[in-house]
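From first to last, the protein sequence lines are chains A and B.
What the first sequence shows, in the working numbering, is residues 769 to 926, in sequence order.
What the second sequence shows, in the working numbering, is residues 769 to 926, in sequence order.
Note that the Cβ used here is the ideal one computed from N, Cα and C, for glycine as well.
Given the structure is predicted, the values throughout are model-derived calculations rather than measurements.
Here is the structure we will look at, set down as structure tokens.
Number of protein chains: 2
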Amino acid sequence: MLSYPQPDMGPASLSKLSDSLREQGYRLTLQREIIIEAVEAVEGHISVDDIYQQVHPRFPQVNLSTIYRTLELLEQAGLVGHSHFHDGVTKWHRAGEGHHQHLICERCGAESELELSVVAPLATEIRERYGFAANLGHFAITGICQSCLRKGEQPHHH
Amino acid sequence: MLSYPQPDMGPASLSKLSDSLREQGYRLTLQREIIIEAVEAVEGHISVDDIYQQVHPRFPQVNLSTIYRTLELLEQAGLVGHSHFHDGVTKWHRAGEGHHQHLICERCGAESELELSVVAPLATEIRERYGFAANLGHFAITGICQSCLRKGEQPHHH
DNA sequence: CTTGTTATTGCAATCGTTCGCAACAGCGGC
DNA sequence: GCCGCTGTTGCGAACGATTGCAATAACAAG
């Protein structure tokens with residue numbers, strides 16, 4: 769493959785994500801390590817383009833589609849997840865940390881996260897009143913977000 | 769504009785959605801009426817392409833981008849909403865209608881209703897903490913119902 | 001009805017993402 | 001080390017969705 773000098777990162781420094789990939793029988797390529805490193809370096813969310821911007825200076829030849837494919841692979845392996853944000857940008861984040869809950873705006877499509885602790889009391893209540901074990905990890909709450917509420921006070925025209 | 773004969777639909781038959789649009793100060797064009805008609809004709813969800821397929825035979829010149837823009841307009845006007853399905857397709861539906869909450873069992877498919885009063889505190893909490901006006905009427909809560917819980921004390925985890 | 005203003009449309013370019021395919025490289029076997 | 005199988009990559013074309021812009025039509029006013 770491309771033989772650029774790798775910014776020093778011996779096998780010893782291989783991350784958990786890399787290890788998981790190998791254990792699942794995938795090949796560990798240079799591109800994948802680079803992309804994984806970028807994902808791991810970030811708190812919260814990161815877009816494909818963010819990764820590309822970060823990787824490109826050091827690895828001019830790493831292709832965009834490889835980033836897309838690697839992220840998809842990591843998601844299938846359960847190592848990362850993604851969300852769609854209001855401006856249409858897709859952002860990725862490390863998995864783990866359990867299922868987070870999303871608030872999705874019906875108007876602008878903005879997607880934000882919701883602490884599970886906010887939702888947990890509802891699960892308890894439903895369990896007590898109906899004997900129903902709710903799986904709250906997998907539904908989205910829709911509604912109207914703060915900024916659209918403000919904008920929506922007076923109808924907008926162009 | 770294009771002067772195709774309109775498939776007979778006088779002002780008297782103008783829909784609620786059309787009325788709402790006009791009341792909000794938007795112009796009522798033939799294209800918008802056609803698109804609105806298509807949305808109203810459908811129970812449940814419809815994709816942009818569904819609309820295009822349905823409209824195109826009668827209105828060869830109605831442009832795809834007009835459909836996109838009209839749906840976006842209708843959503844901002846609060847008349848329709850959209851969801852992203854797991855296959856990536858975006859689908860649209862009429863907004864409004866009743867606030868009903870359902871509990872759906874993942875095992876047996878049983879569907880029961882949930883008092884809104886159980887859910888209301890969550891809406892308040894979300895409003896206070898995130899400034900987000902949750903529309904809890906349109907999400908289903910999945911999980912495992914009482915009888916399946918009893919039957920299946922041992923069965924599957926994940 | 002005619003006119004003027006301006007929102008709306010059609011078109012083509014564009015954006016972010018996916019896909020098909022030939023070239024290539026990781027990894028296990030020699 | 002070298003070889004070969006096959007998973008992976010880079011490239012470019014294609015896809016759904018969006019946007020800029022000039023032409024056009026809706027609506028109000030005369």
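field: Proximal residues to residue 792/B (C-beta, below 8 Å), its chain only, five neighbours per side dropped
entry: As a working mapping, residue 792/B is identified with position 24 in the second sequence. Counting only Cβ-Cβ distances below 8 Å, and skipping sequence neighbours, we find 845.
- prompt: How about residue 890/A: is its C-beta nearer than 7 Å to some C-beta of chain B?
  reply: Taking the first sequence and counting its residues from 1, one reaches residue 890/A at position 122. Answer yes: the Cβ-Cβ gap between residue 890/A and chain B drops below 7 Å somewhere.
- request: Please report how far the alpha carbon of residue 831/A lies from the alpha carbon of residue 787/B, in whole angstroms.
  value: Here the question's residue 831/A lines up with position 63 in the first sequence. Here the question's residue 787/B lines up with position 19 in the second sequence. In this structure, the CA atom of residue 831/A is about 50 Å from the CA atom of residue 787/B.
- prompt: Can you tell which of 861/A, 818/A, 802/A and 807/A has the C-alpha that lies nearest to the C-alpha of residue 850/A?
  reply: Reading the first sequence from its first residue, position 82 is the one you call residue 850/A. Comparing Cα positions, the closest option is 861/A.
query: Is the Cβ-Cβ distance between residue 803/B and residue 838/B less than 7 Å?
result: Reading the second sequence from its first residue, position 35 is the one you call residue 803/B. Reading the second sequence from its first residue, position 70 is the one you call residue 838/B. Contact flag set, yes.
- prompt: Is the Cβ of residue 788/B closer than 7 Å to any Cβ of chain A?
  reply: Working through the second sequence from its first residue, we reach residue 788/B at position 20. Taking Cβ atoms only, chain A never reaches closer than 7 Å to residue 788/B, which makes this a no.
- prompt: Is DSSP giving residue 881/A helix, strand or coil here?
  reply: Walking along the first sequence from the start, residue 881/A turns up at place 113. Residue state, collapsed to three classes: strand.
query: For residue 797/B, does the three-state DSSP call read helix, strand or coil?
result: Reading the second sequence from its first residue, position 29 is the one you call residue 797/B. Residue 797/B falls in the coil class under three-state DSSP.
query: Taking the continuous alpha helix (DSSP H) assigned at residue 939/B, which residues delimit it?
result: No information on residue 939/B is available, as it lies outside the stretch 769 to 926 that chain B covers here.
query: CB residue 808/B to CB residue 886/A, shorter than 7 Å?
result: For the purposes of this step, residue 808/B is taken as the residue at position 40 of the second sequence. For the purposes of this step, residue 886/A is taken as the residue at position 118 of the first sequence. No, the Cβ-Cβ distance between residue 808/B and residue 886/A is not below 7 Å.
query: When the cut-off is 7 Å and only beta carbons count, does residue 792/A lie next to chain B?
result: Counting from 1 along the first sequence, the entry for residue 792/A is found at position 24. By this cut-off, residue 792/A is not an interface position.
message: Using a 10 Å radius around the Cβ and a threshold of 16 neighbouring Cβ atoms, would you call residue 812/B buried or exposed?
response: Position 44 of the second sequence, counting from 1, holds the residue named residue 812/B. When all chains shown are included, residue 812/B counts as exposed.
query: Taking 7 Å as the CB-CB cut-off, is residue 912/A touching chain B?
result: Position 144 of the first sequence, counting from 1, holds the residue named residue 912/A. Judged by the 7 Å Cβ criterion, residue 912/A is in contact with chain B.
task: Rank 910/B, 913/B, 903/B and 898/B by C-alpha distance to the C-alpha of residue 915/A and give the top, closest one.
output: Against the first sequence, residue 915/A aligns to sequence position 147. Ranking the options by Cα distance to residue 915/A, first place goes to 898/B.
message: Applying the 10 Å Cβ sphere with the 16-neighbour rule, what's the burial state of residue 888/A?
response: As a working note, residue 888/A is residue 120 in the first sequence. By the neighbour-count rule (16 or more Cβ atoms within 10 Å), residue 888/A is not buried but exposed.
task: Have a look at residue 912/A and residue 900/A and give me their C-alpha separation to the nearest angstrom.
output: Within the first sequence, numbered from 1, the residue matching residue 912/A stands at position 144. Within the first sequence, numbered from 1, the residue matching residue 900/A stands at position 132. Distance between the alpha carbons of residue 912/A and residue 900/A: 28 Å.
CB contact flag (residue 890/A, residue 869/A, <7 Å): Here residue 890/A refers to the residue found at position 122 when the first sequence is read from its first residue. Here residue 869/A refers to the residue found at position 101 when the first sequence is read from its first residue. Their beta carbons are not under 7 Å apart, which means residue 890/A does not touch residue 869/A by this criterion.
- request: Just tell me which of 806/A, 884/A, 908/A and 823/A has its CA closest to the CA of residue 848/A.
  value: As a position in the first sequence, residue 848/A is number 80, starting the count at 1. The candidate whose alpha carbon is nearest that of residue 848/A is 806/A.
task: Indicate whether at least one CB of chain B lies closer than 7 Å to the CB of residue 857/A.
output: Within the first sequence, residue 857/A is the residue found at index 89, counting from 1. Closer than 7 Å: no.
query: DSSP puts residue 869/A in a beta bridge; with which residues?
result: If you number the first sequence from 1, residue 869/A lands on position 101. According to DSSP, which records beta bridges pairwise, residue 869/A is partnered with 882/A.
task: Give a yes or no on whether the minimum CB-CB distance between residue 884/B and chain A is below 7 Å.
output: As a first step, residue 884/B is located in the second sequence; it is residue number 116 there, counting from the start. Chain A contact via Cβ: absent.
query: residue 823/A by DSSP, collapsed to three states: which one?
result: Start at 1 with the first residue of the first sequence, and residue 823/A comes out as number 55. In the three-state DSSP reduction, residue 823/A falls in the helix class (H, G or I).
message: Could you check whether the Cβ of residue 875/A sits closer than 7 Å to any Cβ belonging to chain B?
response: Within the first sequence, numbered from 1, the residue matching residue 875/A stands at position 107. Residue 875/A belongs to the set of residues whose beta carbon lies under 7 Å from a beta carbon in chain B.
field: Extent of the continuous alpha helix (DSSP H) run through residue 875/A
entry: Your numbering for residue 875/A matches position 107 in the first sequence. First-last for residue 875/A: undefined, no H or E at that position.
- prompt: In this structure, does DSSP put residue 807/B in helix, strand or coil?
  reply: Your numbering for residue 807/B matches position 39 in the second sequence. In this structure, residue 807/B counts as helix in the three-state DSSP scheme.
field: Cβ separation of residue 796/B and residue 789/B, assumed to be a contact under 8 Å, to the nearest whole Å
entry: Numbered from its first residue, the second sequence carries residue 796/B at position 28. Numbered from its first residue, the second sequence carries residue 789/B at position 21. Rounded, the Cβ-Cβ distance is 6 Å, consistent with contact.
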